[in-house]
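Count along the first sequence from 1, then add 627; that gives the number in our numbering.
Heads up, the beta-carbon is just placed ideally off N, CA and C, and yes, glycines get one too.
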Amino acid sequence: MVDIVNIVSSGSLDLEIDLESLSDEIGPIADYDPEKYPGMYLRFGADIPLITVYRTGKYIITGANSKEEAYTVRERFLNLLSDLGVIEHPDDDWFSIQNHVCTAEFDQSLNLNALTVELGLKQTEYEPEQFPGLIYRPNSDLGVVLVFATGRVVVTGCRSLQDAEDVFSDLKKTLSEFI
DNA sequence: TGAGCGGCTCCTTATATATCAGCTTCGG
DNA sequence: CCGAAGCTGATATATAAGGAGCCGCTCA
Numbered sequence: 628m629v630d631i632v633n634i635v636s637s638g639s640l641d642l643e644i645d646l647e648s649l650s651d652e653i654g655p656i657a658d659y660d661p662e663k664y665p666g667m668y669l670r671f672g673a674d675i676p677l678i679t680v681y682r683t684g685k686y687i688i689t690g691a692n693s694k695e696e697a698y699t700v701r702e703r704f705l706n707l708l709s710d711l712g713v714i715e716h717p718d719d720d721w722f723s724i725q726n727h728v729c730t731a732e733f734d735q736s737l738n739l740n741a742l743t744v745e746l747g748l749k750q751t752e753y754e755p756e757q758f759p760g761l762i763y764r765p766n767s768d769l770g771v772v773l774v775f776a777t778g779r780v781v782v783t784g785c786r787s788l789q790d791a792e793d794v795f796s797d798l799k800k801t802l803s804e805f806i
C-alpha cells in the first residue's frame, strides 16, 4: 500500500502570455517576480496545489495529493483564464501527470548496510554520511525508491500510482526472504 | 583571436523521508 | 554564563518549466 503525497503535472495553453499584466489582472493570488524566477506562481488557497505559469503558455502544477486534485486545479486555472479572456476554450491544451511521490512502509526497522548487499551494489546507493536513506533504482525503471532504517519508504519518479504500487510490491517481493 | 552558438548546470516549486551542523533561545 | 533543548537549513530523490551563466567548439 502506497500513499500519494505529491503529484507533479504539466500542460500547455499553446499561446504566449504576458505574465506581468496577467498577474496584475489576477491579483494577490498571483506572485510574479521575474528577477527571482521566470515563472508566475498562482495559488488558489493555502492547501491547494501551486500552479507555475510561464511566458510560453506552459505551466506546471505541484502539490496535488491525487490525480483528481491535479485535474480539478487545472480546470479551475483554465476557467479563470477563460473568464479573463486570455483563452477562448477552457480545454484546448494538453495536460499530463509527470511524477508521483509516494510513501510506503515496511512494518519493521531495517539494516541498510545489509540491504545494500541484498539489493545489489549496482542498483543501490547508500552513503549515510551524505544522506540517511538508501537509494534503490529498480531494473523496471518505473521509479526510484528511498529506503530508511526506520522501515519508511519514499517512492518517486513514477508516472502513475500503479507504477508506484508495482515498484513497492516488487521490492517487497525481492526482500521477502530477507525481512 | 574573437564572436557566436550549442549544450550543460543551476535556480525554483511541491513532497515524503532522516541525519547532520549550526544557530537561537531558555532555564538554572 | 553555560549547557541543553529546539529550530533551521543543508544533504538526496523525481519531475516539469524558462532564464542565467558558463564552458567548449567551430568558423571567419
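query	result
Could you check what DSSP says for residue 685 in three-state terms: helix, strand or coil?	strand
Taking Cβ positions, are residue 701 and residue 767 nearer each other than 9 Å?	no
Which runs of the beta strand (DSSP E) spanning at least 3 residues fall entirely within the region 647 to 697, listed in chain order?	657 to 659, 667 to 669, 677 to 680, 685 to 691
Could you tell me how far apart the beta carbons of residue 632 and residue 792 are, in whole angstroms, since I believe they sit closer than 8 Å?	Not quite, the Cβ-Cβ distance comes to about 14 Å (not below 8 Å), so this is no contact.
Go ahead and label residue 704 buried or exposed: buried means 16 or more other beta carbons lie within 10 angstroms of its beta carbon, across all protein chains shown.	buried
Given this structure, state the Cα-to-Cα distance separating residue 779 from residue 753, to the nearest angstrom.	15 Å
Rounded to the nearest angstrom, how far is the Cβ of residue 687 from that of residue 640, given a contact under 8 Å?	Between residue 640 and residue 687 the Cβ distance is about 12 Å, and since that is not below 8 Å, they are no contact.
Helix or strand or just coil, what does DSSP make of residue 708?	helix
Name the one or two DSSP bridge partners that residue 722 has.	638
Within 10 Å of its beta-carbon, does residue 672 have 16 or more other beta-carbons around it, so buried, or fewer, so exposed?	exposed
Leaving out the 5 sequence neighbours to the left and right, which residues in its chain are closer than 6 Å to residue 755 when beta-carbon positions are compared?	none
Mapping DSSP to helix, strand and coil, what is residue 703?	helix
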